[in-house]
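Under our numbering, the first residue of the sequence shown is numbered 1199, with each subsequent residue one higher. Cβ atoms here follow ideal geometry from the backbone N, Cα and C, with glycine treated the same way. Just so you know, these numbers come straight off a predicted model, no measurement behind them. Read through the structure below, which is laid out as structure tokens, and then see the notes.
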Amino acid sequence: MRVGSFQAPVAVAWQLTNLCDLSCRHCLNDSGPGGGHSSELSRAEVLRVSREIAACQVPYVLFCGGEPMLSPHFWAAAEALGKAGVWLKVETNGQRLDPASARRLAKLPIRSVQVSLDGVTQEAYESLRPGAELSAALEACRFVRRAGMPLEIAFVPTRANIHEAPEVIETALELGAFRFNTGTLIRRGRAAEAWADLSVTQEASRTLLATLTARETSLAGRLELCFRPFSFEEQVRAEATEPSGTLTVLPDGRVRLSSASDSICADLRTHTLLEAWRAYVRASVNGTRSEKPAGLCLGPATRS
Ligand code: SF4
1199 MRVGSFQAPV AVAWQLTNLC DLSCRHCLND SGPGGGHSSE LSRAEVLRVS REIAACQVPY
1259 VLFCGGEPML SPHFWAAAEA LGKAGVWLKV ETNGQRLDPA SARRLAKLPI RSVQVSLDGV
1319 TQEAYESLRP GAELSAALEA CRFVRRAGMP LEIAFVPTRA NIHEAPEVIE TALELGAFRF
1379 NTGTLIRRGR AAEAWADLSV TQEASRTLLA TLTARETSLA GRLELCFRPF SFEEQVRAEA
1439 TEPSGTLTVL PDGRVRLSSA SDSICADLRT HTLLEAWRAY VRASVNGTRS EKPAGLCLGP
1499 ATRS
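And the structure:
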């Protein structure tokens, strides 16, 4: 496995907080206004981990959550990493991303900002994200582009919105996104609780896959459709064959083997980043990532 020859992680996917301003029905992390527990890493710990990431020359950090920008440590971590030249991706629901935040982000080495767009109608969008405004998410996309940052769109297909997927792709194009991320729903957290209402039929899933495959060529060079691996099973197989080299860090500092896995290989409260990396490589090489899948997973993308 290639990761065995790497001295440090290829990337860190950092779930900074479980706090969120929304309580989406399809949230796989049970995030919400009640999240952000006292067990989450403190500012001093977040800054220490940021310094270690920089010292190990990890090239890329992806902030997710919860809503990562609601973490009281978001700007401290992003600016410390940015100052060290680490490329950043921020995954946001876009509900509170205003022009000032976009301009502040744009001063950092931002590889992309990913906004979740689960529909083109308020009805479909709000049926998954109660109380949320589609117009705010769309405005956030425009602020990102106006600030000169690359934009990605994430779309989670459920029974409530899968029919709007083709229009979301067109909207992503209009907004100037360079990538559209999707894949099957993860059966975890609140998504598992609402599975009977949210899960799509195999036929609907096959139709979406066929649409994506058909549009892929015609959109080449304008919008990358990122949907492979599509199903959770495909993702688990891909990870088992070739681990991504990405450390998935939870709000309390524990390190997961992958976003598709529930297995913990280290804890950044008690391990250094390099110790966590070595534990990840050992677990990957020894095949201890063969635990049972937690559910269906969103392909190559994470989501907010
Ligand atoms: S899906 Fe994203 S925006 Fe919605 S509650 Fe979960 S973390 Fe928040």
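Residue nearest to residue i in terms of C-alpha spacing, selected from the options
i, options, result
"Thr-1470", "Thr-1215, Val-1208, Glu-1250", "Glu-1250"
"Phe-1430", "Leu-1326, Ser-1457, Leu-1406, Val-1453", "Ser-1457"
"Arg-1294", "Ala-1322, Val-1259, Ala-1334", "Ala-1334"
"Glu-1368", "Thr-1356, Phe-1341, Leu-1336, His-1224", "Leu-1336"
"Val-1288", "Ala-1298, Leu-1303, Ala-1274, Asp-1296", "Leu-1303"
"Gln-1213", "Arg-1476, Ala-1276, Gln-1400", "Ala-1276"
"Val-1210", "Ser-1442, Thr-1468, Arg-1480, Arg-1344", "Ser-1442"
"Ser-1240", "Cys-1339, Pro-1270, Gln-1433, Phe-1341", "Pro-1270"
"Glu-1324", "His-1224, Leu-1417, Met-1347", "His-1224"
DSSP-derived helix/strand/coil call for residue i
i, result
"Glu-1331", "coil"
"Asn-1579", "This structure gives no information on residue 1579, because the portion of the chain shown stretches from 1199 to 1502."
"Val-1201", "helix"
"Ile-1308", "strand"
"Leu-1448", "coil"
"Phe-1341", "helix"
"Gly-1387", "helix"
"Phe-1261", "strand"
"Val-1453", "strand"
"Glu-1431", "helix"
"Glu-1372", "helix"
Counted within 10 angstroms of its Cβ, other Cβ atoms place residue i as buried (16 or more) or exposed
i, result
"Lys-1281", "exposed"
"Val-1483", "exposed"
"Ser-1314", "buried"
"Pro-1427", "buried"
"Cys-1218", "buried"
"Pro-1328", "exposed"
"Phe-1425", "buried"
"Ser-1488", "Residue placement at Ser-1488 is flagged as unreliable, the pLDDT there being 39, under the threshold of 50; the coordinate-derived value follows with that caveat. Exposed, because fewer than 16 other Cβ atoms sit within 10 Å of the Cβ of Ser-1488."
Distance between residue j and residue i (C-alpha atoms, nearest Å)
i, j, result
"Pro-1143", "Leu-1306", "Because the chain in this structure spans residues 1199 to 1502, residue 1143 falls outside the shown range and cannot be described."
"Glu-1422", "Asp-1316", "18 Å"
"Thr-1486", "Glu-1440", "The predicted model places Thr-1486 with a pLDDT of 49, which falls under 50 and marks its position as unreliable, so this point remains unresolved."
"Ile-1351", "Ala-1394", "26 Å"
"Thr-1290", "Ala-1330", "13 Å"
"Gly-1374", "Leu-1445", "30 Å"
"Arg-1357", "Ser-1397", "6 Å"
"Ser-1237", "Pro-1449", "8 Å"
"Cys-1222", "Glu-1372", "25 Å"
"Arg-1231", "Pro-1297", "Strictly speaking, residue 1231 in this sequence is Pro, with Arg absent from that position. Cα to Cα, Pro-1231 sits roughly 23 Å from Pro-1297."
"Arg-1476", "Val-1453", "12 Å"
"Gly-1264", "Ala-1278", "21 Å"
"Thr-1409", "Val-1311", "25 Å"
"Arg-1480", "Leu-1332", "44 Å"
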